[in-house]
Structure formats: C-alpha cells, structure tokens
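Colleague: So for the sequence shown, this note's numbering puts the first residue at 2; every next one is plus one.
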Amino acid sequence: MTERAPREVVLHLPAVEPDPRRNHVWVAIVLASLLLVCGVVGSVAAARSVANRNAERSQDTLELSSIEVAATLRLAIQRQQDLAVSATGFFLGTPYPTNDQFLAWAETVQALERYPELLGWGEVIMVTAAQLEAYMALAAADPAGVVLGDFELTPPGERPFYCLFIVGQSRDTLTGAPPGFDYCAGTAGEPILASRDSGQSSYQSIDAGSGATLAVQVPFYLGGVVPATVEERRAAFAGWVGLGFDPEVLLDDAIQSRPGTAVALRFHDEFSNAEFISGQPPEGASSMARDLENGWTVETFAVVANTGIIDDQDARTVLLIGIAASLILAALVLALGTGRASALRLVGERTGELRHQALHDALTGLPNRTLIIDRIEQLLTRNRRNNTAGAALFIDLDDFKNVNDTLGHEAGDRLLVAVSARLTNTLRDADTIGRMGGDEFVVLIDGAPLKVAPELIAERLLDVMRQPFDLDDTSMPLSINTSIGIAIGDRDTGGDLLRDADVALYQAKAGGKNRYEIFYPEMQTEISRRIELESDLRRAIARNQFRLVYQPIYNLDDLALVGVEALLRWDHPTVGNIEPDEFIPILEQTGQIQEVGRWVLLHATAQMAAWHAKGNTLDISVNVSGRQLDHDNVVEHIREALAASGLDPSFLIIEVTETALMRNAADTAVRLKAIKDLGVRIAVDDFGTGYSSLAYLQQFPVDCLKIDRAFTNAITTSPESKALIRTLVQLGRDLGLKTLAEGVETTGEMDHLRDERVDEAQGFLLSRPLEADTLESQILAPSRRTSGATKQA
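Spelled out as structure tokens, the structure:
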C-alpha cells in the first residue's frame, strides 16, 4: 500500500476590518479633549486680561483719590498759614492787646465760622521770671478767652522764662490747657523754642483726652519779616500765633464721598513729629503717599482690585462663561462623534450663540463693555502700525432717568433699542458701536480710513439724536438730549482712551449738555476744581456763604423804578466770589438747585416784603431753573415763601428760560398754571434764543417776555436783531404780554428800544446789581423822601 502524504489543512478566516464608528469615537474624544483644553486655557487668559484691566483701573482710581485728597489738605494747610499771617498783622499792629480787642478783631475775620477745624487760637508770648508777677496780675484782670479757671503756673517751678497765652479765642472754653500753662516747659517745649530760632512753624500732635489735636505755633518778629540769623531772630522775636486744630475735620472733609478710603496726615522735621489718621484702612488695602512739601506728607489707603482671577468678579464671570462654553462644546462634539454634518452645525451654532451672549448686550445686540475694550486695544495697535490716529466717542443720554421715572422701564428699554438702531444707521460699517451699560454708548472710529474729523461725526450724531423718537404706548414723540465726549490719538491702554473720553463727556455735561467736548489734559485740573466746588456747595447754605444782589428794572417811558431782579452770589471762603455761570450748573447737575432755589425764594420775598413795609411797592423777579420745574414741590416752595414773608403774590414774578419751558412742555405747563393760580406772575427769560417755544407759547400762562441781551446789544448794528425785536414786541402785544429788554448798556440801545415800544429794561447803563443795603440807601430811601415831599406839597 502506498503511503499518502499528509493533507495540508488551510483555514479560511474572514478578513477583520476596522470599525469606522470606533474611529469616529476616538476622533471625537481627541477633538473634544483638545477643544476643552484650548477653551479652558483661552478662558483663563481672557479672565486674566479682564482682572489685570480692572486692577489697573482700580489703581488709577486710588491715584486720582490720592491726588484729590492731597490737593484738599494742601489747600487746608495753606489756609491755616494764611490765618496765622493775618493774626500776625493784628498782633504787630496792636502790641499787648486786651482780650476784648482780639475777640472784636477775630469776629471781623470770622475765623471760627470759616475754619470749622479750628478749636482755638491766640497769642503766646515769652514772659521772663521778673515779668511773671505783672503778667499774672494782667491775666487775672483780663483772662484770655481760651480756657476757664484760675491762673496757676503749669508746670510749677522757677524758670528763666515762660511761654504763656496773653489773648485768645476758643470754640469751647471748658477744655484745653489751663490758664498759666507754660508751652515752653520740658521736652514738649523744645519744638516751640526751635521754631523761634528757625523762623519756621512748629507742628505737634497733642492728646487732649477726647482725641488728638494738631497744635501749631507760628513765630513772628518785629517788623513783620524773619531776620537772617538766629541772634537777630532772638532779638526781634515778638511772640507766637498759637492755633489748635481738630485734624478729624480736615481729614473727614478730604475723604468725603470716598467710601472705603482712609487717610493719614503726617508732619516731620528735626523737632516735631505729628500723625493724624481718619478712617480705618481696609484689610489688604494699598496706599499711595504724596509729599505736601514743608515737612507734610499724606498717605491715602484704599482697596485695589486683585489681579487674581478668583478675586475679580468680572474675571470670574468671563472664566465661568468660557469654561461652560468649552464644556458644552466638548460634550456636543463627544455626543455627536459620528461626524454628521447636522451635529457639527448644531455645535457651531450653539458655540456662536454663547460667544455672542458673552460679548454682546442682551437688550440692543451691540458689543458690550468686554468686547468694546478688546476692540479699542485692536484699534490702538492698528493705528500705531499705520501711524494714524483713531478716536473714541463716549455718548450719554441726558436725563435718561426721567424717562424711566415718568414712562416706566419698559419705555426706557424701547428708547435704548431705538437709539442703538439710529446710531447704527447713522455711522459707517467700519465704525464700531457698543453699549457700555445703562444709557451710555461708545463709538470707535478707526484712524486708517478716517476721512471725517471726529467732531464732525459728533455734530452729525447730535443732529440725528435731536429728532424725536416715536415709541409704542407713548402719547407723543419723545425728545431727548445727548452729550458726547471725544478722545483722539494713542494711549497706553484702551482703558486710558475710554477714560479720557469719559472725562470729556463729564465736561460736556458740565457745559450745559446736548453738546460735545474733545479731551485735553487740562480737563483733569478743571474736573478736580469742579469736584472741590461740588463738595463746598453742599455746605454753602449752612455756612451762610450765599447772598442776593438786586438789579433794578425801569419803565422805559419815564425811567421810573418798577422792580428788581434777585440774583444769587456765592462768596467762597478761600477762592472768593465765584461767578454764577460756574456754580449754578453744578447745582443743577447735582440736584442741589432744589434746596438753593428754595433759599432764594425765601430770602428774596422776605427782602421785598421789608421794602414794601417801608413804602417801596416794587416787583421782585426770581429765577426758577428747569430742574426745579421738573418737580411739583416748586409750587409748594413758592407758596411757602409767600406765606413766610407776607408778600402780596402779585408782586412776585417767576422767571423761566425758554429752554426750561421746553424740557417737558406738558408737565411744565401744568406746574406753571399751579404757580399762576397762587397769584404770581410768570416771565420767559432769554426770550428769542429758543425758537421752538414760539409755536407753544400760548400753552403757558405767561405775563412777560424778557428779550435776550444778545439781541439788545446788537440792535444798533444788526438789522436782523432790530427786526427780530420788533417781531417779539409785536408778538407780545398780540398776546397781551409785557416786554422787557435785558443787558442795556448804551444810550443808543435804549433809544432804539423805546422806538420799538419795549415796555421795560434793565442793564449796566441803568444800574448794576446792588447789595440790599446799597439799593436801600442810594435809590429806595431817596425815592421815599421825594415821594413824601411831593405829597406834602
């Protein structure tokens, strides 16, 4: 048998191919992981950028506060020095004055009223041991008005000389050093004696039990000048002006309206060390010190935003939104890892929605603050590269709060949407428009294609925004005013450019609103002055710094005196007289015009009632601002003033400008009618400057038209002004209204006004505004004597 070869067995197995679904899953996992990592890293970077930007802004705020606090304290120290110099002049002119003489002089300078921080002051002299008995007799006969008590040498003991108060004035005579206190005794007296030899003031911190007191000793010398050498200074030494100040008053005033801020004021020289602190430095606060010169420094404490992402709310928001968006995107990619086109489109749409929501305003759809800051950074980078200058326009709706208060927040939201649409339709596609929040918008103008100056764009925006808005559910079109601040050129950061535009916006609003201003560096100084004036105005009424002057008004036919206009003046204790054009807009903007306007009504009517009692039955005109007419309490204030003074209402004339009439014509007409019902007359001031009111004039219960001084001054040279005055007079005659010309300065103007049959006039030609006593002595009293003599004849 033949042996057969073994049979080869071949196994045929099916080919194993990769599962495409598994590949898709792995691709989805990898892609989702990459997206998550990149998203988280990007979110962290964006959040860190926001935190850094907020920290820089917070640091800028601390620096600005430090500057303003230093300016306030520097001014206070200078005022103290000025007071000491004034006292020096008195003591040199009145050697060894009695205490009554000093108190009489101190009353004339109103030291305690003008310096609320002043606790007491007077003259300290050196008394030798031989002179002590005579001084004690003098002190017993004429005690210094600084403290009460019997004279007792403190500390006791025999010394070559003693430094004692001779005359003084104090806010509280129950506290302070006792009579006979020797200021030069012991180590505490070393700085005072050193000040005599150096000619420089001595500053010391003294614990008076109720708190630290700033004691100041200012040496003065015969002849009123500081001699050149120590020997000469000792020979010519006359005494010290001693002053005690409450540092808390100074420091509290410096940090007023700055919550979370503390301040430390320090003085240091070879002999003196004094430190005063107001406020509790917040935990983790940063500080900034500034040299006030002459040994003084001030350190301001405030919390500065941390650059950490977790500590910054805005940064946390950006981080959380970014991480959430990354997680959603990664989850969608992982869940829809099959690669279907519809799933990818869904992911893209959802991601786009989240990105849009994070970077755009929910109400208007415009870029929000985060995106705007980023766009400004890009604009600055691009303009540096192209050597061009871009611009930022900061836009704010004037008095937008009134829309929310009167029509409701829904109407306010519809107005903001309409404003954003109008801005978008007005500007070019290349310009970026964003909403910063509230009623604030920003327009970025790139420098590369810039063919129109930013100010021309601002004018176009103002023109467009003046057109009324038709909103649903409102009975009539809504008119608004707009203010614009412009910053042009390069800056270190986008925040700097935006800050400067905001400063210019502040200036535009301070200048009267419904206008634009271009930023320039000096604006920072102007704003600092404005901030100081705002602070001082809050205390002006309480400190009796306001006064009224009265400008006579005459009948043009016979130049008989028929009335006066009450005009407000502010005597600032350190700056002096401040023009109404500067402080009244501040009163209007801050709302203080309500309180000040009430004060004017009370004092003006009281003064006129006093003149009526003497026989001068004149009219009194009082200006009422648009902000006063925005509230119903203006009617109550007028009723209150009439009741308090007893003045016949028919002699009171309320003056309202054309602009104020048209702020809210319907409500203004209602309030003016209520005023008219009191028996008061109403005049339209500066008439002819606001032509829009001509068509509405019959809506208001007006008695008199006051022709603006611009037309009065041009009547002799401008045919147009003459024709306009003729038209206004005819309009008044047709409506049964009296006409009064303001600002008459020449006889030629007065003759032309007579020819045009204007009824009354006021101006420098006839009389400048006068103090009440001057008006009484020069005009009213003589007219009463003349009238009395005529009656007797």
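Note that beta-carbon positions come from the ideal geometry of N, C-alpha and C, so glycine has one too.
All figures in this text were calculated on a predicted structure; none of them were measured in a lab.
What's the gap between the Cα of Gly158 and the Cα of Gly261?
Modeller: Here the question's residue 158 lines up with position 157 in the sequence shown. Here the question's residue 261 lines up with position 260 in the sequence shown. Answer to the nearest angstrom: the Cα atoms are 50 Å apart.
Colleague: Once you ignore the five residues that flank Val41 on each side, which residues in its own chain have a CB closer than 8 Å to its CB?
Modeller: On the sequence shown, residue 41 is found 40 positions in, with the first residue counted as 1. Taken in chain order, the residues that qualify are Gly323, Ile324, Ser327.
Colleague: Are the CB atoms of Ala561 and Tyr551 within a distance shorter than 8 Å?
Modeller: Here residue 551 is taken as the residue at index 550 of the sequence shown, counted from 1. Here residue 561 is taken as the residue at index 560 of the sequence shown, counted from 1. No, the Cβ-Cβ distance between Tyr551 and Ala561 is not below 8 Å.
Colleague: Relative to the alpha-carbon of Thr301, which residue among Thr318, Ile278, Leu223 has its alpha-carbon at the smallest distance?
Modeller: Here the question's residue 301 lines up with position 300 in the sequence shown. The candidate whose alpha carbon is nearest that of Thr301 is Ile278.
Colleague: Looking only at its own chain, which residues have a Cβ that is under 7 Å from the Cβ of Asp254, when we skip the five neighbours before and after it?
Modeller: Counted from its first residue, the sequence shown places residue 254 at position 253. Within the same chain, Asp254 has close Cβ partners Thr73.
Colleague: For Asn403, which of Asp537, Leu630, Ala393 has the nearest alpha-carbon?
Modeller: Walking along the sequence shown from the start, residue 403 turns up at place 402. Here the closest residue by C-alpha is Leu630.
Colleague: Under 7 Å Cβ to Cβ from Gly285, same chain only, skipping five residues before and after it: list those, please.
Modeller: To locate residue 285, count along the sequence shown from 1; it is residue 284. Cβ neighbours of Gly285 beyond the five flanking positions: Val304.
Colleague: Where are the beta strand (DSSP E) runs, 3 residues long or more, that stay fully inside the segment 447-516, in chain order?
Modeller: Those beta strand (DSSP E) runs which fall completely within the segment 447-516 and span 3+ residues are 482-489.
Colleague: Please state whether the Cβ-Cβ distance between Lys674 and Asp704 is less than 8 Å.
Modeller: On the sequence shown, position 673 is the one that residue 674 refers to. On the sequence shown, position 703 is the one that residue 704 refers to. It is not a contact, given that the beta carbons lie outside the stated cut-off.
Colleague: For Ala688, does the count of other Cβ atoms within 10 angstroms reach 16, so buried, or fall short, so exposed?
Modeller: Taking the first residue of the sequence shown as 1, we reach residue 688 at position 687. According to the sequence shown, residue 688 is Phe rather than Ala. Classification for Phe688: buried.
Colleague: Run the CB neighbour count on Ser651, radius 10 Å, all protein chains shown included, and call it buried at 16 or more, exposed below.
Modeller: In the sequence shown, counting from the first residue as 1, residue 651 sits at position 650. Counting Cβ neighbours within 10 Å, Ser651 comes out exposed, since fewer than 16 surround it.
Colleague: So Leu538 packs on Phe584, CB below 8 Å; how close in whole Å?
Modeller: Residue mapping note: residue 538 aligns to position 537 of the sequence shown, counting from 1. Residue mapping note: residue 584 aligns to position 583 of the sequence shown, counting from 1. Between Phe584 and Leu538 the Cβ distance is about 6 Å, and since that is below 8 Å, they are a contact.
Colleague: Beta carbon of Trp122, beta carbon of Ala71: below 8 Å?
Modeller: Position 121 of the sequence shown, counting from 1, holds the residue named residue 122. Position 70 of the sequence shown, counting from 1, holds the residue named residue 71. It is not a contact, given that the beta carbons lie outside the stated cut-off.
Colleague: Just checking, does the segment 363-383 make contact with the segment 420-436 on the three C-beta pairs under 8 Å criterion?
Modeller: yes
Colleague: Counting only the same chain and skipping the five closest in sequence on each side, list residues whose C-beta sits under 7 Å from that of Leu293.
Modeller: If you number the sequence shown from 1, residue 293 lands on position 292. Within the same chain, Leu293 has close Cβ partners Ala71, Leu74, Arg75, Ile78, Val299.
Colleague: Distance, Cα to Cα, Arg461 vs Glu659?
Modeller: On the sequence shown, position 460 is the one that residue 461 refers to. On the sequence shown, position 658 is the one that residue 659 refers to. Their Cα atoms are separated by approximately 24 Å.
Colleague: From the DSSP output, in three-state form, read off Met524 for me.
Modeller: Along the sequence shown, read from residue 1 onward, the residue named residue 524 stands at position 523. DSSP places Met524 in helix when its eight states are reduced to three.
Colleague: So, at 8 Å on beta carbons, what are the nonlocal neighbours of Ala331 in its own chain, with the 5 sequence-adjacent residues on each side left out?
Modeller: Taking the sequence shown and counting its residues from 1, the one referred to as residue 331 is at position 330. Excluding residues within five positions, the ones whose Cβ falls inside 8 Å are Ala33, Ser34, Leu36, Leu37, Gly40.
Colleague: Look at the Cβ atom of Phe244, then the Cβ atom of Leu266, and state whether they are nearer than 8 Å.
Modeller: Within the sequence shown, numbered from 1, the residue matching residue 244 stands at position 243. Within the sequence shown, numbered from 1, the residue matching residue 266 stands at position 265. According to the sequence shown, residue 244 is Leu rather than Phe. No, the pair does not count as a contact, with Cβ atoms beyond the cut-off.
Colleague: Out of Ala742, Ile458, Arg548, which one is the CA nearest neighbour of Ser722?
Modeller: Position 721 of the sequence shown holds residue 722. The residue with the shortest Cα to Cα distance from Ser722 is Ala742.
Colleague: Select from Val759, Ala711, Arg710, Asp752 the residue whose C-alpha is nearest the C-alpha of Arg727.
Modeller: As a working note, residue 727 is residue 726 in the sequence shown. With distances taken between Cα atoms, Arg727 lies closest to Val759.
Colleague: Give me the DSSP bridge partner(s) of Pro553.
Modeller: Within the sequence shown, residue 553 is the residue found at index 552, counting from 1. DSSP, once it has assigned bridges, lists Val565 as partnering Pro553.
Colleague: Tell me the DSSP bridge mates of Gln629?
Modeller: For the purposes of this step, residue 629 is identified with residue 628 of the sequence shown, where counting begins at 1. Bridge partners of Gln629: none, in fact.
Colleague: Checking 8 Å against the spacing of the C-beta atoms, do Val51 and Val319 come in under that value?
Modeller: The residue given as residue 51 occupies position 50 in the sequence shown. The residue given as residue 319 occupies position 318 in the sequence shown. Yes, they are a contact pair.
Colleague: What is the rounded straight-line gap between the Cα of Ile655 and the Cα of Val636?
Modeller: What you label residue 655 is simply residue 654 of the sequence shown in a count that begins at 1. What you label residue 636 is simply residue 635 of the sequence shown in a count that begins at 1. Rounded to the nearest whole angstrom, the C-alpha separation of Ile655 and Val636 is 11 Å.
Colleague: Enumerate, from N- to C-terminal direction, the unbroken alpha helix (DSSP H) stretches of 4 or more residues contained entirely within the segment 73-127.
Modeller: Taking only runs of at least 4 residues, the alpha helix (DSSP H) segments lying wholly in the segment 73-127 are 100-110, 112-115.
Colleague: If you drop the 5 nearest sequence neighbours on each side, which residues of the same chain put their C-beta closer than 8 Å to that of Ala263?
Modeller: Position 262 of the sequence shown, counting from 1, holds the residue named residue 263. Ile256, Ile278, Ser279, Gly280, Gln281, Pro282, Pro283, Ala286, Thr301, Phe302, Ala303, listed in sequence order.
Colleague: For the alpha helix (DSSP H) that Pro586 lies in, which residues bound it at each end?
Modeller: The residue labelled residue 586 in the question sits at position 585 within the sequence shown. Residues 581-591.
Colleague: Alpha carbon to alpha carbon, how far is His361 from Val443?
Modeller: Here residue 361 is taken as the residue at index 360 of the sequence shown, counted from 1. Here residue 443 is taken as the residue at index 442 of the sequence shown, counted from 1. Rounded to whole angstroms, His361 to Val443 spans 13 Å at the Cα level.
Colleague: Looking at Ala607: is its Cβ nearer than 8 Å to the Cβ of Ala645?
Modeller: Residue mapping note: residue 607 aligns to position 606 of the sequence shown, counting from 1. Residue mapping note: residue 645 aligns to position 644 of the sequence shown, counting from 1. A contact, by the Cβ cut-off of 8 Å.
Colleague: Quick one: any contact between the segment 53-71 and the segment 130-145, if contact means 3 or more CB pairs under 8 Å?
Modeller: Fewer than three beta-carbon pairs drawn from the segment 53-71 and the segment 130-145 are found closer than 8 Å, and the two stretches are therefore not classed as touching.
Colleague: According to DSSP, is Glu1 helix, strand or coil?
Modeller: This structure leaves residue 1 out entirely; the chain is present only between 2 and 794.
Colleague: Between which two residues does the alpha helix (DSSP H) containing Gly245 stretch?
Modeller: As a first step, residue 245 must be located in the sequence shown, where it is residue number 244. No alpha helix (DSSP H) contains Gly245, which is instead part of the beta strand (DSSP E) from 238-246.
Colleague: Whole angstroms are fine: how far does the CA of Ala393 sit from the CA of Arg516?
Modeller: Here residue 516 refers to the residue found at position 515 when the sequence shown is read from its first residue. Here residue 393 refers to the residue found at position 392 when the sequence shown is read from its first residue. Straight-line Cα distance between these residues: approximately 16 Å.
Colleague: Can you tell me the Cα-Cα spacing of Val128 and Val110, whole angstroms?
Modeller: For this step, residue 128 is matched to residue 127 along the sequence shown. For this step, residue 110 is matched to residue 109 along the sequence shown. C-alpha of Val128 to C-alpha of Val110: approximately 28 Å in a straight line.
Colleague: In terms of residue numbering, what span does the beta strand (DSSP E) encompassing Thr717 cover?
Modeller: Mapped onto the sequence shown, residue 717 falls at position 716. Counting along the chain, Thr717 falls outside any beta strand (DSSP E), and DSSP gives it neither H nor E.
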